[in-house]
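In our numbering, the protein residues as written are 111 to 211.
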């Protein structure tokens, strides 16, 4: 490897001074129930069903989003899909990208 290249975290080479691009949520739309269609910065799309997660997890911050109307209040902030002003519910983008939690 010459002095002008370095290894990325995943082992791929890149030239010095190039920043690795992080995966971000760029668009999201409610589909039905607890399903959300998500578009990512790499232009891939997934429909993620949050229903199974909500059915098996209880927490004072999560419980309000079991109400379908509250669930629909998600937003995109800093490339993340979040619920609540204080990010009461948030998931790793890579998990959303693979299509299930």
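Cβ atoms here follow ideal geometry from the backbone N, Cα and C, with glycine treated the same way.
These figures come from a predicted structure and were not determined experimentally.
- Message: I need the straight-line Cα distance from residue 193 to residue 165, nearest angstrom please.
- Response: 17 Å
- Message: So, with DSSP's three-state summary, where would you put residue 206?
- Response: helix
- Query: By Cβ distance below 7 Å, which residues in the same chain neighbour residue 113 in space, the five residues on each side in sequence not counted?
  - Reply: Any answer about residue 113 is weak, because its pLDDT of 43 lies below 50 and its placement is not dependable; what the coordinates show is given next. Around residue 113: no qualifying Cβ.
- Mind listing, in chain order, the continuous beta strand (DSSP E) runs of no fewer than 3 residues lying wholly within the segment 136-165? 145-150 and 155-159
- Item | For residue 211 and residue 138, the rounded distance between their alpha carbons | 16 Å
- Task: Leaving aside the five residues before and after residue 140 along the sequence, list all residues of the same chain whose C-beta is less than 7 Å from its C-beta, in chain order.
- Result: 146 and 182
- Query: Out of 143, 132, 160 and 197, which has the shortest C-alpha to C-alpha gap to residue 53?
  - Reply: Within the shown structure, residues of the chain are numbered from 111 to 211, placing residue 53 beyond reach of any answer.
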